[in-house]
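Take a look at the structure set out below.
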Amino acid sequence: LKMSKGADDCLPNDIDLDKPRYNQNTYWGRAKHFFITTNPLNVFASDESLERAKRIVTNYRCGRPIPECLTVNELWKAKHLYDSAFHPDTGEKMQLIGRMSAQVPMNMLITGGMMAFYKSTPAVMFWQWLNQSFNAVVNYTNRGGDAHISDKQMVTSYILATSGALVTALGLNKVVQVYKNLPPIVGRFVPFAAVAAANCVNIPLMRSQELKDGTPIYDEDNNKLGLSKRAAQEGISQVILSRIGMAAPGMALTPFVMNHLERRGTLCRYPWMNLPTQVALVGLCLTFATPLCCALFRQRARIPFCRLEDDLQCHLATVLDPDIPQYVYYNKGL
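Numbering (our numbering), first residue to last: 515 to 848.
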């Protein structure tokens, strides 16, 4: 991280580092934010670079002097590098494979494996187990906030999501084997169906406390108003759609390419191409799909006041009258 020392480039002291740099009310503003957040190159940042970025961000937030005269761009580079490796609540350095910057490289390897070895039962079991184990590590690494995830919740979610993925994958493989008149390409979509099913199980279980008690809602000035189950349901639904959307391009387009190569006899002549080709195709798709699908919905989502639960509306109408907001806001999650 190079630092400019020109006096004219010194930055102001009123930059709010607690908010994303780009406008989160527009899709492309959110997309820019997530392209930076999920940048896989941050995986290769040295411990020295990470600690330096942490010092810069901490010193700036606390109003302590910064040795170098930084530019605004250099401050944001330090902030983005800091965010890629340190937990937002605890400030502790996260384990490498649990970081958002590791999402693309890890998922391209795991998804490529699932797509390449979808016919063998032992291989299906191994890759689905590995995928859910990785998801569990990511969820554990990034846990925190108002809705704390207990170890019991984590283990239950892991077991049920893995079971759901295995039942879906093995069950659909059995259907493909029984109905031999189905096009060969159908079997290649089994891993995608398994991943989608696991997301539909895993995410609601991980956030079951929010579904039970509600997720915190706030007014426009970030004052907490209460808990809403309706907001939790909407937020979790949006996260499920985003997660499935991230997987869709790589897992839905790759089968067509591989089926074409199989029909041409390319895979028969060069069987070693199977895994690296699928990993490369999935990686290319994930590089764009991950940030673009994370950006589909606002992180600080909003819900019309009139769509909240009736009892919550009555309570807030009494407390806030006559300043009843048109919208309330909540953290959707990732």
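Quick reminder that beta carbons are idealized off the backbone N, C-alpha and C, glycines included. For clarity, every value in this text was computed on a predicted model and none was experimentally measured.
Straight-line gap, T540 to C782 (C-alpha atoms, nearest Å):
The residue you call residue 540 lines up with position 26 of the sequence shown. The residue you call residue 782 lines up with position 268 of the sequence shown. T540 and C782: Cα-Cα distance of roughly 47 Å.
Cβ-Cβ distance between I817 and V842 below 8 Å
Locating residue 817 in the sequence shown gives position 303, counting from the first residue. Locating residue 842 in the sequence shown gives position 328, counting from the first residue. It is a contact, given that the beta carbons lie within the stated cut-off.
Based on the DSSP output, what are the partners of G605 in its beta bridges?
As a position in the sequence shown, residue 605 is number 91, starting the count at 1. G605 pairs with nothing; no bridge assigned.
Can you find the residues in the same chain that come closer than 6 Å, C-beta to C-beta, to K546, ignoring five residues on each side of it along the sequence?
For the purposes of this step, residue 546 is taken as residue 32 along the sequence shown, with counting starting at 1. Within the same chain, K546 has close Cβ partners Y536.
Pick from I570, R744, K743, G797: whose alpha carbon is nearest that of A762?
Residue numbering aside, residue 762 sits at position 248 when the sequence shown is read from its first letter. The shortest Cα separation from A762 among I570, R744, K743, G797 belongs to G797.
T682 and A711 - do their beta-carbons sit closer together than 8 Å?
Here residue 711 corresponds to residue number 197 of the sequence shown, with the count starting at 1. Here residue 682 corresponds to residue number 168 of the sequence shown, with the count starting at 1. Yes, the pair counts as a contact, with Cβ atoms nearer than the cut-off.
Cα-Cα separation, P526 to R757
Sequence index remark: in the sequence shown, residue 526 carries index 12 (1-based). Sequence index remark: in the sequence shown, residue 757 carries index 243 (1-based). C-alpha separation (whole angstroms): 38 Å.
Within the region 719-784, note down every full beta strand (DSSP E) run reaching 3 residues or more, in order along the chain.
729-732, 738-742
Using the Cα positions of K519 and L584, report the straight-line distance between them to the nearest angstrom.
As a position in the sequence shown, residue 519 is number 5, starting the count at 1. As a position in the sequence shown, residue 584 is number 70, starting the count at 1. Residue placement at K519 is flagged as unreliable, the pLDDT there being 42, under the threshold of 50; the coordinate-derived value follows with that caveat. Spanning the two alpha carbons is a distance of roughly 7 Å.
By the three-class DSSP mapping on this structure, what secondary structure does P636 have?
Your numbering for residue 636 matches position 122 in the sequence shown. Reduced to three states, the DSSP call for P636 is helix.
Under a Cβ-count criterion, where at least 16 other Cβ atoms within 10 Å of its own Cβ denotes burial, should V692 be classed as buried or exposed?
On the sequence shown, residue 692 is found 178 positions in, with the first residue counted as 1. Classification of V692: exposed, given that the 10 Å Cβ count is below 16.
List the endpoints of the continuous beta strand (DSSP E) containing I817.
Indexing the sequence shown from 1 puts residue 817 at position 303. 814-818 is the span of the beta strand (DSSP E), which, as asked, contains I817.
What does the alpha-carbon distance come out to for the pair Y596 and A809?
Counting from one through the sequence shown, the residue named residue 596 turns up at place 82. Counting from one through the sequence shown, the residue named residue 809 turns up at place 295. Rounded to the nearest angstrom, the two C-alpha atoms are 21 Å apart.
How big is the Cα-Cα spacing for G685 and G678?
Here residue 685 corresponds to residue number 171 of the sequence shown, with the count starting at 1. Here residue 678 corresponds to residue number 164 of the sequence shown, with the count starting at 1. So the two alpha carbons sit approximately 10 Å from each other.
Less than 6 Å between C-beta atoms, sequence neighbours within five positions excluded: which residues of the same chain meet that for N621?
Sequence index remark: in the sequence shown, residue 621 carries index 107 (1-based). Excluding positions up to five away in sequence, the list reads L800.
Label L830 either buried or exposed according to how many other C-beta atoms from any shown protein chain fall within 10 Å of its C-beta, with 16 as the threshold for buried.
Along the sequence shown, one-based indexing puts residue 830 at 316. That one is buried.
Nonlocal neighbours in the same chain, by C-beta distance under 6 Å from R777, ignoring five residues either side
As a first step, residue 777 must be located in the sequence shown, where it is residue number 263. Closer than 6 Å at the Cβ level, and outside the excluded window around R777, lies no residue.
Please report the straight-line C-alpha distance between F548 and E748, rounded to a whole angstrom.
On the sequence shown, position 34 is the one that residue 548 refers to. On the sequence shown, position 234 is the one that residue 748 refers to. Roughly 21 Å between the two C-alpha positions.
Three or more C-beta pairs closer than 8 Å, one from the region 558-574 and one from the region 811-825: is that the case here?
no
Under 7 Å from any heavy atom of the ligand ADP, does the C-beta of C576 make it?
Of ligands this structure carries none, so the ligand ADP is not represented either.
Is the separation between the beta-carbon of A559 and that of A592 shorter than 8 Å?
For the purposes of this step, residue 559 is identified with residue 45 of the sequence shown, where counting begins at 1. For the purposes of this step, residue 592 is identified with residue 78 of the sequence shown, where counting begins at 1. Going by C-beta atoms, A559 is not nearer than 8 Å to A592.
Just how far apart, CA to CA, sit D837 and P730?
Your numbering for residue 837 matches position 323 in the sequence shown. Your numbering for residue 730 matches position 216 in the sequence shown. Cα to Cα, D837 sits roughly 19 Å from P730.
Please state whether the Cβ-Cβ distance between M608 and M765 is less than 8 Å.
Residue mapping note: residue 608 aligns to position 94 of the sequence shown, counting from 1. Residue mapping note: residue 765 aligns to position 251 of the sequence shown, counting from 1. Cβ distance not < 8 Å, so M608 and M765 don't count as in contact.
By Cβ distance, which residues of its chain are closer than 8 Å to V651, with the 5 residues on each side in sequence left out?
Counted from its first residue, the sequence shown places residue 651 at position 137. Only Q609, I611, G612 meet the Cβ criterion.
Can the beta-carbon of Y654 be found less than 8 Å from the beta-carbon of M639?
Here residue 654 is taken as the residue at index 140 of the sequence shown, counted from 1. Here residue 639 is taken as the residue at index 125 of the sequence shown, counted from 1. Taking 8 Å as the Cβ cut-off, Y654 and M639 do not qualify as a contacting pair.
In the DSSP assignment, the alpha helix (DSSP H) including N573 goes from what residue to what residue?
Taking the first residue of the sequence shown as position 1, residue 573 is located at position 59. Run containing N573: 561-576, per the alpha helix (DSSP H) assignment.
Could you check whether N556 and S634 sit closer than 8 Å to each other, using their CB atoms as the reference points?
Numbered from 1 along the sequence shown, position 120 holds the residue referred to as residue 634. Numbered from 1 along the sequence shown, position 42 holds the residue referred to as residue 556. No, they are not a contact pair.
Candidates M787, T676, S742, P534: which alpha carbon is nearest D825's?
As a working mapping, residue 825 is identified with position 311 in the sequence shown. Checked all of M787, T676, S742, P534; the closest Cα to D825 is S742.
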